[in-house]
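Worksheet: one structure, shown below.
Numbering (full-length UniProt numbering), first residue to last: 1 to 298.
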């Protein structure tokens, strides 16, 4: 737990034990607990006197610690982080349009990236497998044929607003369907990972699929994203998973959306603040599009 001088607080945790949602659930519980005026006193339990632990820090260990501090500081300085509170609307707006808020935000990310770079990219979104014992995550691949059609049409003057809205709704529906498939264990990424690790464990040659260029492109997630909803008005942060990529975590509240966007300073092509600007514009443009176009009966 990290408590700042101004009273703001947060936590840093290592990802291996758990995903974001259970950690946020702990935070929500703590925040609610601190609002209760009554104090619950625990029974006194006698404990042995604490004993001081004496560590033998050799010159070699001290040198290793200093080296680790320097390496960590280099990584810290390389992180480009932008936290954005999108105030114009929250999850209630896409809900009013009968669109999944998560699917809506993911399409905005696709549009922002396409406007910045002129093409789509492999996009990772965490899908929870918590309905399974020992389940962790699988991948929702947010970049799809339908999302590409939408982002290509959005700034195309030859396309009518109605066509654009229809493509947006189709893209959000496709995302919703992929999400449902992933959380039920029917996505592809963890299955392929299992096959790859099994081949390594059995000391057999790696199947050609995993050596293919197309597989490498599909696994190079320039957008690594995660929705971590919370009752508390907060947001989680994490770094990109590739040198030329972005990490985007978001918490959709009723009337605003909290975003944490990360990139690496060592990559000249990426910029977290610039991505935040394009993302904000994409969200606003998509709202204008939906509000100015009558809902299709299809």
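All C-beta atoms, glycine included, are put in the ideal place defined by N, C-alpha and C.
Model, not experiment: these values are computed from the prediction.
Buried or exposed (CB count within 10 angstroms, at least 16 for buried), residue i
| i | result |
| --- | --- |
| residue 286 | buried |
| residue 251 | buried |
| residue 66 | exposed |
| residue 80 | buried |
| residue 35 | exposed |
| residue 131 | exposed |
| residue 253 | buried |
| residue 16 | exposed |
| residue 129 | buried |
| residue 12 | exposed |
| residue 91 | buried |
| residue 18 | exposed |
| residue 160 | exposed |
| residue 24 | buried |
| residue 55 | exposed |
| residue 175 | buried |
The beta strand (DSSP E) enclosing residue i, as first and last residue numbers
| i | result |
| --- | --- |
| residue 141 | 137 to 141 |
| residue 226 | 223 to 227 |
| residue 126 | 123 to 128 |
Separation of residue j from residue i, as counted between CA atoms
| i | j | result |
| --- | --- | --- |
| residue 21 | residue 76 | 25 Å |
| residue 10 | residue 264 | 22 Å |
| residue 85 | residue 145 | 30 Å |
| residue 69 | residue 235 | 27 Å |
| residue 168 | residue 156 | 14 Å |
| residue 62 | residue 73 | 17 Å |
| residue 213 | residue 219 | 10 Å |
| residue 187 | residue 87 | 34 Å |
| residue 46 | residue 53 | 21 Å |
| residue 154 | residue 111 | 8 Å |
| residue 107 | residue 38 | 45 Å |
| residue 276 | residue 71 | 28 Å |
| residue 300 | residue 199 | One cannot answer for residue 300 here, as it falls past the ends of the chain, which runs 1 to 298. |
| residue 99 | residue 48 | 59 Å |
| residue 241 | residue 137 | 16 Å |
| residue 101 | residue 60 | 53 Å |
| residue 162 | residue 261 | 31 Å |
| residue 269 | residue 180 | 34 Å |
| residue 190 | residue 257 | 30 Å |
| residue 104 | residue 41 | 46 Å |
| residue 1 | residue 14 | 12 Å |
| residue 89 | residue 246 | 23 Å |
| residue 259 | residue 33 | 26 Å |
| residue 127 | residue 64 | 38 Å |
| residue 177 | residue 147 | 13 Å |
| residue 173 | residue 114 | 20 Å |
Beta-carbon proximity list for residue i, same chain, < 6 Å, skipping 5 on both sides
| i | result |
| --- | --- |
| residue 298 | Its pLDDT being 46, under 50, residue 298 is placed unreliably by the model, and nothing is read from it. |
| residue 123 | 142, 143, 223 |
| residue 125 | 140, 142, 225 |
| residue 273 | 82 |
| residue 182 | 127, 138, 140 |
Start and end residues, alpha helix (DSSP H) containing residue i
| i | result |
| --- | --- |
| residue 77 | 59 to 78 |
| residue 152 | 145 to 154 |
| residue 110 | 101 to 117 |
| residue 197 | 189 to 201 |
| residue 182 | 161 to 183 |
| residue 310 | The question about residue 310 has no answer, for the chain in this structure spans 1 to 298. |
| residue 215 | 213 to 218 |
| residue 94 | 92 to 96 |
Other residues of its chain near residue i: CB distance less than 7 Å, five sequence neighbours each side excluded
| i | result |
| --- | --- |
| residue 3 | 9 |
| residue 267 | 243, 244 |
| residue 290 | 97, 165 |
| residue 150 | 107, 167, 168, 171 |
| residue 209 | 215 |
Close Cβ partners of residue i (< 8 Å) along its chain, the five nearest in sequence each way excluded
| i | result |
| --- | --- |
| residue 109 | 123, 142, 223, 225, 248, 279, 282 |
| residue 116 | 274, 275, 278 |
| residue 232 | 24, 27, 28, 31 |
Residue i at chain E interface by Cβ criterion, 9 Å
| i | result |
| --- | --- |
| residue 274 | Absent from the structure is chain E; it holds one protein chain and no more. |
heavy atom of the ligand GDP below 8 Å from residue i C-beta
| i | result |
| --- | --- |
| residue 99 | Absence of the ligand GDP is noted for the structure shown, with no ligands found whatsoever. |
Contained beta strand (DSSP E) runs [length at least 3] in the stretch 239 to 273, N- to C-terminal order: If we require 3 residues or more, the beta strand (DSSP E) runs fully inside the stretch 239 to 273 come out as 246 to 252, 257 to 264.
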